[in-house]
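Undergrad: Residue numbering for the sequence shown follows the working numbering, starting at 49 and increasing by one per position. Virtual Cβ for every residue (Gly too), placed ideally from N, Cα, C.
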Amino acid sequence: MITKKDFMMMMEKKFDEVDKSKKRVLSVDDVMRIYGRSDKG
49 MITKKDFMMM MEKKFDEVDK SKKRVLSVDD VMRIYGRSDK G
C-alpha cells in the first residue's frame with residue numbers, strides 16, 4: 049500500500065527532475081514522460 053503523502057512526495061521528486069527550468073509548470077509531454085508514455089508512438 050502507498051499513502052497519498054508518499055505518492056505526492058514521489059510525484060514532486062519526479063516533477064522537479066523534469067522541471068529543469070524551475071518554472072513550476074510542465075508541458076503535457078513532460079508529464080507523459082514522467083509516466084513513461086509518449087503520444088508520439
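1) Starting from the Cα of R81, find the closest Cα among M59, K71, K70 and give me that residue.
2) Taking the alpha carbon of V79 as the point to measure from, which residue in K70, K71, V66 has its own alpha carbon closest?
3) Mapping the DSSP letters down to three states, classify G89 as helix, strand or coil.
4) Starting from the C-beta of V73, find all residues in its chain whose C-beta is less than 7 Å away, skip the five residues before and the five after it, and write them out in chain order.
TA: Answer, in terms of the structure:
1) M59
2) V66
3) At G89 the pLDDT is 45, less than 50, meaning the model places this residue with poor confidence and gives no usable figure here.
4) none
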